[in-house]
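Under the numbering used here, residue 584 is the last one in the sequence shown; the count climbs by one each step, no gaps.
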Amino acid sequence: MDTPQAARTEPDITILIPVYKTGALLPRALDNLLAQPHSNIEIVTVNDASPDDAARILADYAARDPRLRIVTHPENRGTLAARLSGIAAARGRYIMCLDADDSLEPETFDRLWKVVRKESPDIIDFGARLIAGASRPTTRVVPMGRFHGDAVFEKVFVEHFYSWSLCFKLIRADLCRRAAACVPPEYCIVAEDFYFYSVIAFFARSYRAVPQMYYNYYTGIGVSDNFRMDLPGFRRFLSIFTALSGIRSFLVSQGAFDRYGAAFRVREAEHFDYLFERWECRLKRSLQPEGYRMMCDSYDRETVERQLKRYFSGREQQLEFALSGQSLPEYGTATGGGRVAAPFLICPGGPGLAECWGNWSVLLEELLDRLPELRLRLVPSPDAGWTEKLLLWKLFFKKYGYSRRIRVISRRQALAEAAAGNCLALQLFPATSEEPGPFLKAGVPAAFYSSSDRPVPGALTARPGDRSELLNQVTEVLLNANRYRELAQAAPRAALPPAAPLPSGVPGFRLPATVAAAGLFFVLKKSFQMCIFPESPLWFLAARLKYPFKVIKFRKRARQQCLR
């Protein structure tokens with residue numbers, strides 16, 4: 021039960037919300053927080069010079085509820101600086117970070133405060149639901165554990181046993197203030213969670229994970245979600261180097277770099293992979309040489325070059341083309357050995373497609389942009405529901421609708437194309453599935469995520485969620501005819517239907533008879549109404565059929581109604 025207002029000396033929990041270009045979604049977050057049953061909270065919003073209507077929205081909410089306070093930056097300083105300003109203004113015993121476009125489950129604070137009263141840990145970690153548009157939410161499950169002392173830091177920084185995402189944690193306020201004193205308020209909007217939480221974990225003495233999903237994380241808004249980048253956007257993304265440099269400086273200042281230097285280099289390589297994937301796939305080819313120069317100017321040049329060689333190991337020619345700004349060669353010519361005939365991907369969609377769609381859709385778009393000649397075939401499986409089919413059509417219409425590069429076809433058509441031996445099947449399964457699927461069983465090379473270290477004959481595999489690794493493997497196979505043939509020969513063989521000529525034109529979905537009949541009736545009705553004359557008795561009959569409950573006094577007016 022909440023303490024009476026007069027007896028309260030400080031809020032139990034302070035929620036920090038940096039606000040920048042999220043004014044349209046801000047009311048959802050604020051309404052969600054103010055409706056929480058645990059009312060002894062305060063909301064500190066940091067208006068980071070947002071150019072939209074966020075200032076007015078915040079002022080309206082602050083006037084209605086004194087628990088909401090506003091900190092204003094005169095200029096945009098980035099997420100890290102905004103959170104540091106919010107921590108300086110916070111009065112609660114614990115602090116939680118919330119993005120302005122996200123929300124919490126009902127009774128989140130009540131349940132978390134029970135853990136605080138029982139154990140008083142420095143950090144409480146909880147789960148989240150990842151929501152991408154209208155698709156079914158996926159879950160971010162927290163590994164269970166209680167850690168004390170140096171293990172709190174080592175489990176996240178050395179082993180990466182749990183996530184460093186700040187939004188999924190409730191953290192003691194004095195611990196946040198101690199960490200904030202060691203972090204300069206620099207511009208940082210990428211890897212800022214990794215930076216700041218690593219400092220928090222270094223000072224923390226106790227950590228507690230709970231299995232419940234309290235956070236609703238909506239994807240597709242932040243800078244890390246933007247598919248295409250220009251040079252200004254890429255320059256902002258390079259604030260990832262602020263995080264890496266800050267962590268290194270902090271470890272050196274604490275006399276801990278000798279102990280954790282090897283772990284830092286592993287984390288550094290992970291973040292370079294994250295950066296290079298954006299540089300290679302999301303920055304236009306003509307802008308990549310300038311992007312490379314920007315990376316070298318923003319970080320140690322020797323380290324950038326070493327990490328670049330590691331990332332492109334086995335794909336040196338692709339690195340050469342990226343650094344020169346030239347387009348990739350045609351299929352099969354990059355490493356010799358002939359040409360893959362009509363290379364395309366067949367992407368079956370099954371009942372597990374919705375859970376992993378966010379990762380897969382970006383991978384498919386990156387492949388289509390990276391390889392201009394690539395053709396894509398989307399195949400809904402027989403047991404796919406309407407949700408999975410609509411996801412395939414969403415990609416079809418979103419970017420390449422009715423182009424020659426992408427089509428939605430039936431499974432029978434896909435197997436017929438597979439029998440011709442000229443396709444690479446990208447099988448869309450749940451992230452932990454080990455079942456190779458019907459296309460690989462039919463001798464078609466495949467690529468999919470697998471949590472097993474055991475190689476699958478005829479398939480390219482990567483760890484669940486490692487999109488960059490799978491993307492690089494698929495690109496290599498599509499550009500190398502010899503590698504493609506080796507993969508196809510290693511795939512298991514099974515009986516396939518005879519290769520039939522594929523229909524051209526409209527994608528091969530069979531419409532239900534009722535839908536087809538309704539469409540035909542609509543077309544005939546409109547044609548009939550457009551062709552007959554106002555003086556004709558047939559026209560008057562058509563008007564009465566369309567408007568049976570209206571008294572039509574003037575034929576001219578009725579005709580206008582029919583033609584609308």
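All C-beta atoms in this analysis are idealised placements derived from N, C-alpha and C, irrespective of residue type, glycine included.
(request) Return the chain-ordered list of same chain residues with a C-beta closer than 8 Å to the C-beta of residue 159, the five sequence neighbours on each side being excluded. (result) Translated into positions along the sequence shown, residue 159 becomes position 139. Counting only Cβ-Cβ distances below 8 Å, and skipping sequence neighbours, we find 147, 148, 149, 150, 233.
(request) Identify the continuous beta strand (DSSP E) that holds residue 147 and give its terminal residues. (result) One-based indexing of the sequence shown puts residue 147 at position 127. Run containing residue 147: 143-151, per the beta strand (DSSP E) assignment.
(request) Please name the residue, chosen from 230, 71, 223, 53, that lies closest to residue 117 on a Cα-to-Cα basis. (result) Sequence index remark: in the sequence shown, residue 117 carries index 97 (1-based). Residue 53 is the option with its Cα nearest to residue 117.
(message) Taking the alpha-carbon of residue 311 as reference, which of 286, 256, 265, 273 has the nearest alpha-carbon?
(response) What you label residue 311 is simply residue 291 of the sequence shown in a count that begins at 1. Answer by Cα proximity: 256.
(message) Going by C-alpha to C-alpha distance, which of 301, 316, 281 sits closest to residue 261?
(response) Stepping through the sequence shown from its first residue, residue 261 is reached at position 241. Out of 301, 316, 281, 316 has the C-alpha closest to the C-alpha of residue 261.
(message) What does the Cβ neighbour count give for residue 249, buried or exposed, with the cut at 16 atoms within 10 Å?
(response) What you label residue 249 is simply residue 229 of the sequence shown in a count that begins at 1. The residue is buried, with at least 16 neighbouring Cβ atoms inside 10 Å.
(request) Look at the alpha carbon of residue 88 and the alpha carbon of residue 304, and state the distance between them as a whole number of angstroms. (result) Locating residue 88 in the sequence shown gives position 68, where the first residue counts as 1. Locating residue 304 in the sequence shown gives position 284, where the first residue counts as 1. Residue 88 and residue 304: Cα-Cα distance of roughly 43 Å.
(request) With residue 226 as the anchor, note down where its beta strand (DSSP E) starts and where it stops. (result) By 1-based counting over the sequence shown, the position of residue 226 is 206. Start and end: 226-238.
(request) Spatial neighbours of residue 92 within its chain, please: CB distance less than 7 Å, with the 5 preceding and 5 following residues excluded, ordered by chain position. (result) As a first step, residue 92 is located in the sequence shown; it is residue number 72 there, counting from the start. Answer for residue 92: 67, listed in chain order.
(message) Once DSSP output is grouped into helix, strand and coil, what is the label at residue 481?
(response) Within the sequence shown, numbered from 1, the residue matching residue 481 stands at position 461. Three-state DSSP puts residue 481 in a strand.
(message) Short of 6 Å in beta carbon distance, which residues of its chain neighbour residue 161, apart from the five on each side in sequence? Order them along the chain.
(response) Taking the first residue of the sequence shown as 1, we reach residue 161 at position 141. For residue 161, where only same-chain residues beyond five positions count, the Cβ hits under 6 Å are 147.
(message) According to DSSP, residue 41 sits in a beta bridge with which residue or residues?
(response) As a first step, residue 41 must be located in the sequence shown, where it is residue number 21. Within the DSSP bridge table, the entry for residue 41 names no partner.
(request) Just grab the DSSP bridge partners of residue 167 for me. (result) Locating residue 167 in the sequence shown gives position 147, counting from the first residue. As computed with DSSP, residue 167 is found in a beta bridge with 227.
(message) Please identify the residue among 399, 466, 444 whose C-alpha is closest to the C-alpha of residue 433.
(response) As a position in the sequence shown, residue 433 is number 413, starting the count at 1. Residue 433 has its Cα closest to that of 399, out of 399, 466, 444.
(request) Just the C-alpha distance for residue 443 and residue 298, rounded to the nearest angstrom, thanks. (result) To locate residue 443, count along the sequence shown from 1; it is residue 423. To locate residue 298, count along the sequence shown from 1; it is residue 278. About 27 Å.
(request) Starting from the C-beta of residue 308, find all residues in its chain whose C-beta is less than 8 Å away, skip the five residues before and the five after it, and write them out in chain order. (result) As a working mapping, residue 308 is identified with position 288 in the sequence shown. 299, 300, 342, 343, 345.
(message) Out of 491, 496, 510, 163, which one is the CA nearest neighbour of residue 476?
(response) Mapped onto the sequence shown, residue 476 falls at position 456. In terms of Cα proximity to residue 476, the closest of 491, 496, 510, 163 is 510.
(message) Whole angstroms are fine: how far does the CA of residue 503 sit from the CA of residue 187?
(response) Position 167 of the sequence shown holds residue 187. Position 483 of the sequence shown holds residue 503. Each residue's Cα considered, the two are about 43 Å apart.
(request) May I have the straight-line CA-CA distance separating residue 184 from residue 287, to the nearest angstrom? (result) Here the question's residue 184 lines up with position 164 in the sequence shown. Here the question's residue 287 lines up with position 267 in the sequence shown. Cα-Cα distance, rounded: 12 Å.
(message) Taking only three categories from DSSP, how would you classify residue 559?
(response) By one-based count along the sequence shown, residue 559 stands at place 539. Low confidence applies here, because residue 559 scores a pLDDT of 46, under 50, leaving its location unreliable and the question unanswered by this model.
(request) Mind checking who residue 468 pairs with in its DSSP beta bridge? (result) As a working mapping, residue 468 is identified with position 448 in the sequence shown. DSSP output for residue 468 lists 481 as bridge partner(s).
(message) Using the three-state DSSP reduction, which class does residue 587 fall into: helix, strand or coil?
(response) The chain is shown only over 21 to 584; residue 587 falls outside these bounds and no answer can be derived.
(message) Does residue 105 pass the burial test, meaning 16 or more other C-beta atoms within 10 Å, or should it be called exposed?
(response) Mapped onto the sequence shown, residue 105 falls at position 85. With 16 or more Cβ atoms within 10 Å of its Cβ, residue 105 is classed as buried.
(request) Would you mind sorting residue 571 into buried or exposed? The rule is 16 or more other CB atoms within 10 Å of its CB. (result) The sequence position of residue 571 within the sequence shown is 551, counting from 1. Note on residue 571: pLDDT 39, under 50, position unreliable in the model; the coordinate value appears next. Burial call: exposed.
(message) Rounded to whole angstroms, what is the Cα-Cα separation between residue 498 and residue 218?
(response) Reading the sequence shown from its first residue, position 478 is the one you call residue 498. Reading the sequence shown from its first residue, position 198 is the one you call residue 218. Taking the straight line from one Cα to the other gives about 40 Å.
(request) Would you mind sorting residue 361 into buried or exposed? The rule is 16 or more other CB atoms within 10 Å of its CB. (result) For the purposes of this step, residue 361 is taken as residue 341 along the sequence shown, with counting starting at 1. Reliability of the predicted coordinates at residue 361 is poor, the pLDDT of 40 falling under 50, and no value is obtained from them.
(message) Helix, strand or coil, according to DSSP, for residue 62 in the structure here?
(response) Here residue 62 is taken as the residue at index 42 of the sequence shown, counted from 1. Look at residue 62 here: in three-state DSSP terms it is strand.
(message) Only counting the same chain, and skipping five residues up and downstream in sequence, which positions put a Cβ closer than 6 Å to that of residue 81?
(response) Along the sequence shown, one-based indexing puts residue 81 at 61. Excluding residues within five positions, the ones whose Cβ falls inside 6 Å are 50, 88.
(message) Using only the alpha-carbon positions, how far apart do residue 395 and residue 338 sit?
(response) As a first step, residue 395 is located in the sequence shown; it is residue number 375 there, counting from the start. As a first step, residue 338 is located in the sequence shown; it is residue number 318 there, counting from the start. Rounded to the nearest angstrom, the two C-alpha atoms are 20 Å apart.
(request) With a threshold of 16 other CB atoms inside 10 Å of the CB of residue 452, please say whether the residue is buried or exposed. (result) Translated into the one-based positions of the sequence shown, residue 452 becomes position 432. Low per-residue confidence applies at residue 452: pLDDT is 44, beneath 50, and the placement is therefore not dependable, though the value from the model is reported in the following sentence. Exposed: under 16 other Cβ atoms inside 10 Å.
(request) Could you please give the first and the last residue of the uninterrupted alpha helix (DSSP H) stretch that includes residue 92? (result) Numbered from its first residue, the sequence shown carries residue 92 at position 72. Premise fails: residue 92 lies in the beta strand (DSSP E), 88-92, not in any alpha helix (DSSP H).
(request) Report the three-state DSSP secondary structure of residue 110 (helix, strand or coil). (result) Position 90 of the sequence shown, counted from the first residue, corresponds to residue 110. Under the three-state reduction of DSSP output, residue 110 falls in the coil class, being neither helix nor strand.
(message) Please report the distance separating the alpha-carbon of residue 55 from that of residue 320.
(response) Within the sequence shown, residue 55 is the residue found at index 35, counting from 1. Within the sequence shown, residue 320 is the residue found at index 300, counting from 1. Residue 55 and residue 320 have their C-alpha atoms some 48 Å from each other.
(message) So, does the region 205-220 touch the region 121-132, judging by three or more C-beta pairs under 8 Å?
(response) Short answer: they don't touch.
(message) Once DSSP output is grouped into helix, strand and coil, what is the label at residue 429?
(response) Residue mapping note: residue 429 aligns to position 409 of the sequence shown, counting from 1. Note: residue 429 maps to coil in three-state DSSP.
(request) Could you tell me which of 103, 200, 227, 295 sits nearest to residue 164, measuring between CA atoms? (result) Position 144 of the sequence shown, counted from the start, is the residue given in the question as residue 164. Here the closest residue by C-alpha is 227.
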